[in-house]
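Peer 1: Residue numbering for the sequence shown follows our numbering, beginning at 1 and increasing consecutively.
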Amino acid sequence: MSEYPQANASRKALVLFSGGQDSTACLAWALDRYASVETIGFDYGQRHRIELECRQTVRAELIARFPAWGAKLGEDHLLDLSLLSQISSTALTEHRAIEMQANGLPNTFVPGRNLLFLTFAATLAYRRGASVLVGGMCETDFSGYPDCRDNTLKALQVALSLGLDAPMTVETPLMFITKAQTWGLSESLGGAALNDLIVEHTHTCYLGERTQRHAWGYGCGSCPACELRARGFEEFSESRQ
């Protein structure tokens, strides 16, 4: 339950929801805290666009398995940001090998992606009467993306609130926890049923692979996203033994 139930009792949240493990954990986190929750996703020409199909399955499963949350879950919004793939050249928007770049960042980094996502989300939230944006950004177990860092998002929260002339809170519940702790968070929110849902229905693999089933879910098993998810699941499982 929320640490501030009365403060959140009437607030509406908009969750940046990709259909992956992290955003599903964040969606559960928001449903546990806020009176009303909507979701927003982005089609930006991503290589793993199968995640867009998983989004609706995950939402439907959450409604079916957790009726109290289902009563709070409102509309879903999918925005076309295909322009992003036209102006970027990355391994997430083009079919090429995933590798490190000279600047120390992996070529899966899509410049400006989270900045744009949150800006568009804030625009929609303003119209929908939501004052909280929730995202799965994390600077503990991550690839070093600068737009996932806490300082970046704090600065963006200030800019959005000033630019809209309305308070806009950016919540990042995963910011300082490991992937293993993310599995623990989702279990604390929805028990084994939520983690089973995450394993079976969410999508993380950068290559869009969903034919190989592992203990932690579907994926190629070798891309950075799969390796991180697998390692976190293993550490989480070991901690429970």
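Here a beta-carbon is modelled for each residue, glycine too, at the ideal position from N, C-alpha and C. For clarity, every value in this text was computed on a predicted model and none was experimentally measured.
Just the Cα atoms here: how many angstroms apart are P167 and S131?
Peer 2: The residue you call residue 167 lines up with position 167 of the sequence shown. The residue you call residue 131 lines up with position 131 of the sequence shown. Approximately 7 Å between the Cα atoms of the pair.
Peer 1: Measuring CB to CB, does G136 end up less than 7 Å from D22?
Peer 2: Position 136 of the sequence shown, counted from the start, is the residue given in the question as residue 136. Position 22 of the sequence shown, counted from the start, is the residue given in the question as residue 22. Against a cut-off of 7 Å, the Cβ pair of D22 and G136 comes out as a contact.
Peer 1: How many Å lie between Y206 and A68 at the Cα?
Peer 2: Residue mapping note: residue 206 aligns to position 206 of the sequence shown, counting from 1. Residue mapping note: residue 68 aligns to position 68 of the sequence shown, counting from 1. Cα-Cα distance, rounded: 32 Å.
Peer 1: Given that a residue counts as buried once 16 or more other Cβ atoms are within 10 Å of its Cβ, and exposed if not, what is L73?
Peer 2: Translated into the one-based positions of the sequence shown, residue 73 becomes position 73. Classification for L73: buried.
Peer 1: According to DSSP, is F176 helix, strand or coil?
Peer 2: As a working note, residue 176 is residue 176 in the sequence shown. F176: coil per DSSP, three-state reduction.
Peer 1: Kindly give me the distance between the Cβ atoms of T204 and G20, rounded to whole angstroms, as I take these residues to be in contact under 8 Å.
Peer 2: If you number the sequence shown from 1, residue 204 lands on position 204. If you number the sequence shown from 1, residue 20 lands on position 20. Yes, T204 and G20 are in contact; Cβ-Cβ is about 5 Å, under 8 Å.
Peer 1: Buried or exposed: where does F117 fall if 16 or more other Cβ atoms within 10 Å of its Cβ makes it buried?
Peer 2: Here residue 117 corresponds to residue number 117 of the sequence shown, with the count starting at 1. Classification for F117: buried.
Peer 1: How many angstroms separate the CA atom of C54 from the CA atom of T202?
Peer 2: Counting from 1 along the sequence shown, the entry for residue 54 is found at position 54. Counting from 1 along the sequence shown, the entry for residue 202 is found at position 202. So the alpha carbons of these two residues sit roughly 6 Å apart.
Peer 1: Where does A28 sit, in a helix, a strand or coil, going by DSSP?
Peer 2: By one-based count along the sequence shown, residue 28 stands at place 28. The answer is helix: DSSP assigns A28 an H, G or I state.
Peer 1: Considering only C-alpha positions, which residue in the set G232, G112, A125, G129 is nearest to Q181?
Peer 2: Within the sequence shown, the letter at position 181 stands for residue 181. With distances taken between Cα atoms, Q181 lies closest to G232.
Peer 1: L215 to N151, Cα distance in whole Å?
Peer 2: Counting from 1 along the sequence shown, the entry for residue 215 is found at position 215. Counting from 1 along the sequence shown, the entry for residue 151 is found at position 151. In the sequence on display, residue 215 carries Ala and not Leu. Using only the alpha carbons, I get a separation of about 34 Å.
Peer 1: Could you check if T24 is buried or exposed, using at least 16 other CB atoms within 10 Å of its CB as the buried criterion?
Peer 2: Position 24 of the sequence shown, counted from the first residue, corresponds to residue 24. Under this definition T24 is a buried residue.
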